[in-house]
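Numbering-wise (UniProt numbering), the sequence shown opens with residue 1 and increments by one.
These notes concern the structure reproduced below.
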Amino acid sequence: MALKVGIIKSSDVSKWCEYKGADGDVQAEFKVRGIAYKPFQVAIERAGNQISSKGYDVMVKDEDAKLYHELLMDACAAHLIEDWKGVVFAEIVDGKTVESEKPYTPENASKLLNLGDIGISIWLFIKE
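Here it is as structure tokens:
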């Protein structure tokens with residue numbers, strides 16, 4: 001007699017997804033991992049733990065504290081987005097708009113999601 005157990009190794013799944021504007025034209029492409037990606041799940045758990053550990057005293061001023069949705073976007077930036085193509089940042093430098101195509105880094109992705117004018121829309125797209 002024997003108990004046969006199949007051991008399942010977690011697989012990393014990602015795919016390129018087209019981000020389209022309102023007119024239906026492709027504006028950028030994102031290589032996105034699935035939400036079951038373990039490092040993402042760990043980051044989400046840590047975000048919840050961080051909020052719980054800070055307590056509920058709203059009178060305490062903490063300049064470094066992040067809002068829960070910022071932690072979720074950072075988790076998405078670092079773990080769900082794997083790469084991108086065609087992302088251009090338009091930033092004001094010395095009073096002029098400077099456009100530059102940025103490579104994917106977790107820091108650039110966090111900037112896109114947290115500070116970009118369409119960051120929430122892109123976050124929702126990535127989480128689909």
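We put the beta carbon where it would ideally sit given N, CA and C, even for glycine.
Please read all numbers here as calculations on a predicted model, not as lab measurements.
### Enclosing alpha helix (DSSP H) for Val42 [first to last residue]
Counting from 1 along the sequence shown, the entry for residue 42 is found at position 42. Start and end: 38 to 54.
### Query
Which residues mark the beginning and the end of the beta strand (DSSP E) in which Tyr19 is found?
In the sequence shown, residue 19 corresponds to position 19, counting from 1. Start and end: 14 to 20.
### Query
Does the beta-carbon distance from Ile78 to Ala28 come in below 8 Å?
To locate residue 78, count along the sequence shown from 1; it is residue 78. To locate residue 28, count along the sequence shown from 1; it is residue 28. For clarity, residue 78 is Ala in the given sequence; the question names Ile instead. No, Cβ-Cβ distance for Ala78 and Ala28 is not below 8 Å.
### Task
Go ahead and pull the three-state DSSP assignment for Ala65.
As a working mapping, residue 65 is identified with position 65 in the sequence shown. Coil at Ala65, not helix or strand.
### Query
What do you get for Trp16, buried or exposed, if any count of 16 or more other CB atoms within 10 angstroms of its CB means buried?
Your numbering for residue 16 matches position 16 in the sequence shown. Classification for Trp16: exposed.
#### Entry: DSSP three-state assignment for Ala2, whether helix, strand or coil
Residue 2 sits at position 2 when you count from the first residue of the sequence shown. Three-state DSSP puts Ala2 in coil, outside helix and strand.
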